[in-house]
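Shown next, in structure tokens, is the structure this report addresses.
Residue numbers (my numbering): 19 to 157.
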């Protein structure tokens, strides 16, 4: 018998996936969300992504995505790990900042987001133990 059931959502390689829709009155039960290789993905639900149990949030190679979900600091209150990779159009973290529960943030090849790093509000993340920011070396 399993003592702990882990829910995850993986959205990968969907060229026509443009937005993440959600009924606003219901929380997602997922503990992990991975959105990868969706070049036309542009937006999260208006008002934010309701997933209070979410601990891992990974977004990779979503070249049209311009922003992260609104109200992350409130609606993703269990988030511990955030990874954003190859999302060149994301310019900043959402208004209100990131959840104070974050332990690790990893950002790779997101030049616009890194350029706004002075406004990230890291001083409001008391649990943050690891911050990683990388860019590909161009030859």
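Backbone N, C-alpha and C fix where the C-beta goes; we use that ideal spot for every residue, glycine too.
Legend entry - Beta-carbon proximity of residue 70 to residue 96, cut-off 8 Å: yes
Inset, instruction - Select from 138, 64, 72, 75 the residue whose C-alpha is nearest the C-alpha of residue 38. - result: 64
Legend entry - alpha helix (DSSP H) runs wholly inside the segment 73 to 114, at least 4 long, in chain order: 90 to 93
Legend entry - Which of helix, strand or coil DSSP assigns to residue 140: helix
Legend entry - Neighbourhood of residue 84 by C-beta distance below 6 Å, restricted to the same chain and skipping five residues each side: Cβ neighbours of residue 84 beyond the five flanking positions: 107.
Legend entry - Same chain, Cβ closer than 8 Å to residue 119, neighbours up to 5 away in sequence not counted: 95, 96, 97, 98, 145
Legend entry - residue 129 - containing alpha helix (DSSP H), residue span: Run containing residue 129: 129 to 133, per the alpha helix (DSSP H) assignment.
Legend entry - Helix, strand or coil at residue 121 [DSSP, three-state]: Correct three-state label for residue 121: coil.
Legend entry - Strand pairing of residue 30, partner residues [DSSP]: 54
Inset, instruction - Give the straight-line distance between the Cα atoms of residue 147 and residue 135, rounded to the nearest whole angstrom. - result: 17 Å
Legend entry - Inter-residue Cα distance where the pair is residue 21 and residue 78: Caution applies to residue 21, whose pLDDT of 41 falls short of 50 and renders its modelled position unreliable; the value that the coordinates give is listed next. Cα to Cα, the separation comes out at about 31 Å.
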